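Start counting at 1 in the sequence shown, then tack on 12, and there's your number in the working numbering. By construction, the Cβ of each residue, glycine as well, lies at the ideal position given by its N, Cα and C atoms. From a predicted model like this one, the values you see are computed outputs, not experimental measurements.
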Amino acid sequence: MKVYFAPGSRAVRTVWLLEEIGKTYDLVRFTLGQKEMRGPEYTRINPNGRVPTLVDGDTTITESTAIAQYLGARYAPELIPGPDAANFATYLQWLHYAEGMIMPPINNYVVETILLPPERRNDEIAARSLKLLNRTLGAAEAHMQGREFLAGDFTIADTVTGHAVIVSRRLGADFSQCPNLAAYADRLEARDAFKAADSA
Ligand SMILES: N[C@@H](CCC(=O)N[C@@H](CS)C(=O)NCC(=O)O)C(=O)O
């Protein structure tokens, strides 16, 4: 199993899940922004030149949420509630909440505060993105009332959307009104598997 990885990226989700399920893996390391990520060698594997990419034997798969579903289905079915489980719909909704709702404002915020050179940054877009991010986190805060993990028990949704929650907090999203989400992020960050991925 090979993971194309960059520290501080969505590839942490993939390594976190592999650590949770105890599968061994090799990392191919990039740093975000490294020009080789857009070079011909890597874009043959991942045409968007992004991470993560997982290679498992003859299978190559990109998209961090799809990778989590693939790994869960193949190697850790206990982490993916099936259609007959009471938490199936909840699990699906929160599995997809990261890329659907949390990451779009994060992407814009990171572009306007980190990626663009200072003279090209737009403070208005940055502020609007942060406001939208805080609103999307508000829905997650309400959902986490009385829950330990997104779908009750720990599932792959926590390695995807939980990671997006952690990233939001690290980027400076407003957690002052989100005690449930703050406790949830603390709980995730305390897991050995997360720590291993976060420091990989
Ligand atoms: N929807 C994709 C997004 C992948 C993505 O944008 N990855 C970022 C890192 S978090 C990346 O590789 N950025 C490098 C670049 O844009 O050059 C996923 O969930 O895997």
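Spatially closest choice to residue i from the options, by CA coordinates
{"i": "R159", "options": "Y82, G51, W106 and G184", "result": "W106"}
{"i": "P64", "options": "R132, L30 and S141", "result": "L30"}
{"i": "V122", "options": "A139, A110 and K35", "result": "A139"}
{"i": "H155", "options": "C190, L183, P130 and N134", "result": "C190"}
{"i": "G34", "options": "E53, P52, M13 and Y54", "result": "M13"}
{"i": "R199", "options": "V177, S211 and A212", "result": "V177"}
{"i": "A205", "options": "T171, R132, T148 and E153", "result": "T171"}
{"i": "L183", "options": "L145, A98 and K47", "result": "L145"}
{"i": "N192", "options": "R203, A151 and K207", "result": "A151"}
{"i": "R181", "options": "M115, E124 and P129", "result": "M115"}
Straight-line Cα distance separating residue j from residue i
{"i": "H108", "j": "G174", "result": "11 Å"}
{"i": "R50", "j": "R62", "result": "8 Å"}
{"i": "F42", "j": "R22", "result": "12 Å"}
{"i": "G113", "j": "E75", "result": "In the sequence on display, residue 113 carries Met and not Gly. One C-alpha to the other measures close to 15 Å."}
{"i": "L83", "j": "D135", "result": "39 Å"}
{"i": "G94", "j": "A163", "result": "12 Å"}
{"i": "D165", "j": "E131", "result": "46 Å"}
{"i": "E153", "j": "A110", "result": "14 Å"}
{"i": "T148", "j": "F161", "result": "17 Å"}
{"i": "D68", "j": "I79", "result": "10 Å"}
{"i": "Y87", "j": "Q81", "result": "10 Å"}
{"i": "I73", "j": "V24", "result": "15 Å"}
{"i": "F100", "j": "E90", "result": "12 Å"}
{"i": "E201", "j": "K207", "result": "7 Å"}
{"i": "T55", "j": "K47", "result": "11 Å"}
{"i": "T71", "j": "D96", "result": "28 Å"}
{"i": "P19", "j": "L66", "result": "15 Å"}
{"i": "I57", "j": "T77", "result": "18 Å"}
Under 8 Å between C-beta atoms of residue i and residue j
{"i": "Y103", "j": "A209", "result": "no"}
{"i": "F17", "j": "L44", "result": "no"}
{"i": "Y185", "j": "L127", "result": "As written in the sequence, residue 185 is Ala, which differs from the Tyr given in the question. In this structure, L127 does not lie closer than 8 Å to A185 by Cβ."}
{"i": "I137", "j": "V179", "result": "no"}
{"i": "T36", "j": "I92", "result": "no"}
{"i": "A197", "j": "V27", "result": "no"}
{"i": "A194", "j": "F187", "result": "yes"}
Bridge partner(s) assigned by DSSP for residue i
{"i": "A163", "result": "D165"}
{"i": "F17", "result": "R41"}
{"i": "V67", "result": "K14 and T72"}
Residue i: CB within 7 Å of a non-hydrogen atom of ligand 3
{"i": "T77", "result": "Here the bound small molecules are ligand 1; ligand 3 is not part of this structure."}
Practice prompt. Entirely within the segment 68-150 and at least 3 residues each: give me those beta strand (DSSP E) ranges in chain order.
Written response: The qualifying runs are 71-74.
Worksheet item: Which ranges does the alpha helix (DSSP H) cover as unbroken runs of at least 4 residues, wholly within the segment 164-207, from first to last along the chain?
Response: Whole alpha helix (DSSP H) segments, 4+ residues: 168-183 and 191-201.
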